[in-house]
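Q: For the sequence shown, the positions run 11 to 294 when this note's numbering is used.
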Amino acid sequence: MGKGDKIPFWLDLWAGNRTLSDTFPNLYNHESDKRCYVSDRYRTNQGGIQWFWGSRNNLSSNALLKEWDECLAVINEVTISQRSDAWLWRMGEKQVEFQARLVRAELDEISLINETTVLIWLHWIPKKVNCFLWRVVLDRIATKEALQILRIHLPSVNCVLCNEEIESVNHLLVTCGLAQQIWAVIFQWMKIPLPRYILSVVQLLEFTDSYQGIKKYKRAVYTAVATTCWIIWKTRNDVIFKSKPPVLAKIIGDIKVVSFSWVCNRSELKDFPWEKWRSFRMRE
Ligand SMILES: [Zn+2]
11 MGKGDKIPFW LDLWAGNRTL SDTFPNLYNH ESDKRCYVSD RYRTNQGGIQ
61 WFWGSRNNLS SNALLKEWDE CLAVINEVTI SQRSDAWLWR MGEKQVEFQA
111 RLVRAELDEI SLINETTVLI WLHWIPKKVN CFLWRVVLDR IATKEALQIL
161 RIHLPSVNCV LCNEEIESVN HLLVTCGLAQ QIWAVIFQWM KIPLPRYILS
211 VVQLLEFTDS YQGIKKYKRA VYTAVATTCW IIWKTRNDVI FKSKPPVLAK
261 IIGDIKVVSF SWVCNRSELK DFPWEKWRSF RMRE
């Protein structure tokens, strides 16, 4: 508390162990302005603080006067300063004024789940795709393997794109034969050599993150990777629910067009030319 200009006199916890409305219910009932601030009820006088009963209802009985005396004893213990009231919070050793950006910085430092350190919340891509990628990394999308673990009966747990292996997240999005062909083309498009050891989405994101470049370039790479995962998932759903066979050229086209529309509509590169995006010229 500073000078009490933002703290309700009766309703906030600022003097004693409880709110004054709880400690002195009869006074509170008698109060005409139940939401008055602390600063409404004192004046400064030669450097000292003088409290007064400021309500329109006078203290009309001895019982109320006695309670007000007890209330004064409690509030006289409190030190009033010159500055405005402010939210403080503890950052390490010291207390500082609360700012949302400090909380965000602190939260970014904490990594509860290792896998998620590869994720960034990028405004270039839609929220649902940010969320999708988050769930992919945590192995929380409804693949056939996941459904089988939940004891949901399925005619087959094989990947619908290759029909050779169990459909897990990392098989579907990375190690499946079709996924490998897609990534080979997408990495060629981004002009990044695709290493052979990559077997999961987390490894893929770790690798692309280690690839240095200007911010715009790194964001474009992240967008391309996120879009590719998203389009592979959509392709898989189209096979299952609409019986549409996957076509590599169409998938690649979709990845480029969809990511381009997100970059144009969502990023700060509003008038980015399609010609440049198509050839991934992001370093210029
Ligand atoms: Zn497969």
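Each residue gets a CB set at the ideal place from its N, CA and C atoms; glycine is no exception.
If you're wondering where the values come from, they're calculated on a predicted model, not measured in any experiment.
Three Cβ pairs or more, each shorter than 8 Å: is that satisfied between the stretch 166-180 and the stretch 148-158?
A: yes
Q: According to DSSP, is Ile262 part of a helix, a strand, or is it coil?
A: Here Ile262 sits in helix by DSSP.
Q: Where do the ends of the alpha helix (DSSP H) carrying Gln158 lie?
A: Lys154 to Ile159
Q: Using only alpha-carbon positions, find the residue among Ile202, Ile196 and Val146 that is nearest to His181.
A: Taking only the C-alpha atoms, the option nearest His181 is Val146.
Q: Distance, Cα to Cα, Asn67 vs Glu80?
A: 18 Å
Q: Between the stretch 179-196 and the stretch 105-124, do at least 3 Cβ pairs fall closer than 8 Å?
A: no
Q: What residue range is occupied by the uninterrupted alpha helix (DSSP H) comprising Trp97?
A: Element bounds for Trp97: n/a, residue is neither H nor E.
Q: Enumerated in chain order, which unbroken segments of the alpha helix (DSSP H) with a length of 4 residues or greater are wholly contained in the stretch 178-264?
A: 187-200, 211-220 and 225-252
Q: Enumerate in chain order the residues of its own chain whose CB-to-CB distance from Thr238 is below 6 Å, with the five nearest sequence positions on each side excluded.
A: Ile196 and Ile265
Q: The alpha helix (DSSP H) with Glu80 in it runs from where to where?
A: Unbroken alpha helix (DSSP H) run through Glu80: Asn72 to Ile85.
Q: Below 8 Å between beta carbons: does that hold for Trp134 and Trp272?
A: yes
Q: State yes or no: is the C-beta of Asn171 nearer than 7 Å to some heavy atom of ligand 1?
A: In the sequence as presented, Asn is not what sits at residue 171; that position holds Leu. The closest heavy atom of ligand 1 lies less than 7 Å from the beta carbon of Leu171.
Q: Write down the C-beta distance between Asp118 and Gly12 rounded to the nearest angstrom, noting that I regard them as a contact closer than 8 Å.
A: In fact, because the Cβ distance is near 30 Å, the residues do not count as touching under 8 Å.
Q: Can you round the beta-carbon distance between Asp149 and Val179 to whole angstroms, since I take them to be within the 8 Å contact cut?
A: 5 Å
Q: If I measure Cβ to Cβ from Thr126 and keep anything under 8 Å in the same chain, skipping five residues before and after, which residues do I get?
A: Trp144, Val147 and Leu148
Q: Which one or two residues does DSSP pair with Glu107 in a beta bridge?
A: Leu98.
Q: Within 10 Å of its beta-carbon, does Gly14 have 16 or more other beta-carbons around it, so buried, or fewer, so exposed?
A: buried
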